[in-house]
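**Student:** Protein chains in written order, with this note's numbering: chain A, 1 to 374; chain B, 375 to 493.
So that we are looking at the same thing, I have put the structure below in structure tokens.
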């Protein structure tokens, strides 16, 4: 793993006994000695600490100095209402391409005189290229020397309040800068687990001290990428490169909720983003295929790549599983697959698992209701 | 008890060969969530994939260590697949097979050789 990048928490992971794996060019913890199952359940019952320092942190500032110009510039690249995003607020969004596919999904926060973006590690370079090409009127800067820690779970608020007394005042998707021992923490109330929680950008030199301070609290355990994946799967959240990619449109992916009315046909700033023709048409007419939730019968997981059929035998595949596994909080397998959009909820389809067609029911997502602090 | 290079253990009990996976294999797999067991009565050849173990991480196979017939499977694994993590050498056994010649077991690794293999 010599050519892999390390986050500021690398030494801590090793001391905690993590099993390290290559992930998006970084050496990251896939699990700690407790294992994926216990880490997952711990996050749902108390609080989990995740190193997400491999993700990209990017600042976008209008050359004019006017935040409204930066907002409208970003709207040229995303089908999202950025101009209407209030200062101190964050929103989920995605960069689209001319074919209406997704270049990356990301978080974008309005921080008054600039926007702060958090993007997927594996897409950082592609995103920066797309942003540079599309935003000649903005300054772009990848934030150097900051780590990112996610604190997720029902105890996250109480835990963080011991270091940041007004943490409970953050509403879901609020962002703000707070100080801890003189260090600037960029805090947002958000996450990727379906639980309440926070994401905290911290200078590299203080990341380990912050992580250790949090891990010293009885509610907090370190959680690896394995449980991060099962948590987000149960929450029905997309993983870039699996559930969404450059061919998949946001509407097919079931992300139409993130395209506000103002950017849709008839809205004040309708269209004007890459792939608008396809995306607006699919919003109006409905896509032919859609990301659907699957609950396989029995205990056999249906993993990524499983072909899905309409019947127990014969016929061509009608879709493919893009993410799937065992949902520890559901105590049953769950999966996501792209399937014909007109198949009603509750219908049974069949996944080919090692040559056997096993039944699975189409169900709404999330598989488990989220518990955000609105 | 004997061991295979595929991280299975073999133990003779009432003239049958009991097969499970080693502690090392169980740790590598992580939490087991499903075991796809064969039907008792099935004849198998050495190297056949007879069982699939699904963990939170991935699926992996158990191969038949010898030619023979599967005569029993550990039904408890259907409801409690975690037995493979909790007690891989005992309650987490997977299947029992009848083989023509029990002396064939002599060709497998003993504990010292298996420990050397996994380092």
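Glycine included, C-beta positions come from ideal geometry on N, C-alpha and C.
Using a Cβ cut-off of 7 Å, which residues of the region 401-419 of chain B contact any Cβ in chain A, in chain order?
**Tutor:** Correct list: 404, 405, 407, 408, 410.
**Student:** What are the start and end residues of the beta strand (DSSP E) that includes residue 110/A?
**Tutor:** Note, residue 110/A: beta strand (DSSP E), 102-110.
**Student:** Determine which residues share a DSSP beta bridge with residue 342/A and list them.
**Tutor:** In the DSSP output, where bridge partners are listed per residue, residue 342/A has none listed.
**Student:** Going by C-alpha distance, which of 404/B, 481/B, 453/B is nearest residue 432/B?
**Tutor:** Among 404/B, 481/B, 453/B, the Cα nearest to that of residue 432/B belongs to 404/B.
**Student:** Does the distance from the CB of residue 62/A to the CB of residue 70/A come in under 7 Å?
**Tutor:** Yes. Within cutoff.
**Student:** Below 9 Å on C-beta distance, what does residue 14/A contact in chain B?
**Tutor:** Going along chain B, no residue has its Cβ under 9 Å from residue 14/A, so there is no contact; the nearest lies around 18 Å.
**Student:** Quick check: residue 40/A and residue 4/A, are their CB atoms within less than 7 Å of each other?
**Tutor:** No, the pair does not count as a contact, with Cβ atoms beyond the cut-off.
**Student:** By alpha-carbon positions, which one of 342/A, 156/A, 77/A, 171/A ends up nearest to residue 128/A?
**Tutor:** Among 342/A, 156/A, 77/A, 171/A, the Cα nearest to that of residue 128/A is on 77/A.
**Student:** Which chain B residues sit within Cβ distance under 7 Å of residue 42/A?
**Tutor:** Those within 7 Å of residue 42/A in chain B number zero; the least Cβ separation is about 13 Å.
**Student:** From the DSSP output, which residues share a beta bridge with residue 198/A?
**Tutor:** DSSP output for residue 198/A lists 151/A as bridge partner(s).
**Student:** On the CB-based measure, 16 or more other CB atoms within 10 Å of its CB, does residue 381/B come out buried or exposed?
**Tutor:** The residue in question, residue 381/B, is buried, as its Cβ has 16 or more Cβ neighbours within 10 Å.
**Student:** Among 86/A, 267/A, 224/A, which has the Cα closest to the Cα of residue 49/A?
**Tutor:** When only C-alpha atoms are compared, the closest one is 224/A.
**Student:** Please report the Cβ distance between residue 31/A and residue 18/A, rounded to the nearest whole angstrom; I am assuming they are in contact, meaning their Cβ atoms lie under 8 Å.
**Tutor:** Contact flag correct, Cβ pair sits at about 7 Å.
**Student:** What residues in its chain sit with their C-beta under 7 Å from that of residue 348/B, if we drop five residues either side in the sequence?
**Tutor:** No answer is possible for residue 348/B: it lies beyond the span of chain B, which begins at 375 and ends at 493.
**Student:** Just to confirm the assignment, what range does the alpha helix (DSSP H) spanning residue 401/B have?
**Tutor:** Note, residue 401/B: alpha helix (DSSP H), 397-403.
**Student:** Residues of chain B with a CB under 7 Å from the CB of residue 74/A: which are they?
**Tutor:** Per Cβ cutoff of 7 Å: no residues; residue 74/A is ~38 Å from chain B at best.
**Student:** For the region 296-311 of chain A, enumerate the residues whose C-beta is nearer than 9 Å to any C-beta of chain B, in chain order.
**Tutor:** Listed in sequence order: 298, 299, 300, 301, 303.
**Student:** Taking C-beta to C-beta, are residue 248/A and residue 43/A nearer than 7 Å?
**Tutor:** Cβ distance not < 7 Å, so residue 248/A and residue 43/A don't count as in contact.
**Student:** Within 10 angstroms of its Cβ, does residue 451/B collect 16 or more other Cβ (buried), or is it exposed?
**Tutor:** With 16 or more Cβ atoms within 10 Å of its Cβ, residue 451/B is classed as buried.
**Student:** Would you say residue 407/B and residue 455/B are within 7 Å of each other, going by their C-beta atoms?
**Tutor:** Yes, Cβ-Cβ distance for residue 407/B and residue 455/B is below 7 Å.
**Student:** For residue 426/B, return the contacting residues in chain A, with the cut-off set at a CB-CB distance below 7 Å.
**Tutor:** Within 7 Å Cβ-Cβ: 354.
**Student:** Residues in its own chain within less than 6 Å of residue 361/A by CB, not counting five upstream and five downstream?
**Tutor:** Closer than 6 Å at the Cβ level, and outside the excluded window around residue 361/A, lie 295, 348.
**Student:** Could you check whether residue 445/B and residue 414/B sit closer than 7 Å to each other, using their CB atoms as the reference points?
**Tutor:** Contact flag set, yes.
**Student:** Locate the beta strand (DSSP E) running through residue 187/A, then write down its first and last residues.
**Tutor:** Run containing residue 187/A: 183-188, per the beta strand (DSSP E) assignment.
**Student:** Note down the Cα distance separating residue 23/A from residue 228/A, rounded to an integer number of angstroms.
**Tutor:** In a straight line, the C-alpha of residue 23/A is about 13 Å away from that of residue 228/A.
**Student:** Answer yes or no: do residue 353/A and residue 335/A have a C-beta to C-beta separation smaller than 7 Å?
**Tutor:** Contact: no.
**Student:** Check the Cβ-Cβ distances between residue 36/A and every residue of chain B, and say whether any is below 7 Å.
**Tutor:** Yes, its Cβ sits closer than 7 Å to a Cβ of chain B.
**Student:** What residues in its chain sit with their C-beta under 8 Å from that of residue 280/A, if we drop five residues either side in the sequence?
**Tutor:** Once the five neighbours on either side are set aside, the close Cβ partners of residue 280/A are 264, 265, 270, 271.
**Student:** Going along chain A in order, which residues have a C-beta closer than 9 Å to the C-beta of residue 468/B?
**Tutor:** Those within 9 Å of residue 468/B in chain A number zero; the least Cβ separation is about 15 Å.
**Student:** Against chain A, with Cβ distances strictly below 7 Å, would residue 430/B count as a contact?
**Tutor:** Yes, residue 430/B counts as interfacial toward chain A.
**Student:** List the residues that DSSP assigns as beta-bridge partners of residue 471/B.
**Tutor:** According to DSSP, residue 471/B bridges with 391/B, 444/B.
**Student:** Residue 226/A versus chain B: which residues are under 8 Å apart at the beta carbon?
**Tutor:** Within chain B, the residues near residue 226/A are 404, 430, 431.
**Student:** Distance, Cα to Cα, residue 171/A vs residue 95/A?
**Tutor:** Roughly 25 Å between the two C-alpha positions.
**Student:** With respect to the beta strand (DSSP E) encompassing residue 179/A, which residues constitute its N-terminal and C-terminal limits?
**Tutor:** Here the beta strand (DSSP E) through residue 179/A covers 175-180.
**Student:** Give the residues from the region 227-250 of chain A that approach chain B closer than 8 Å (Cβ to any Cβ), ordered along the chain.
**Tutor:** From the region 227-250 of chain A, only 230 have a Cβ closer than 8 Å to chain B.
**Student:** Buried or exposed, going by whether 16 or more other CB atoms sit within 10 Å of the CB of residue 107/A?
**Tutor:** Buried, since its Cβ has 16 or more Cβ neighbours within 10 Å.
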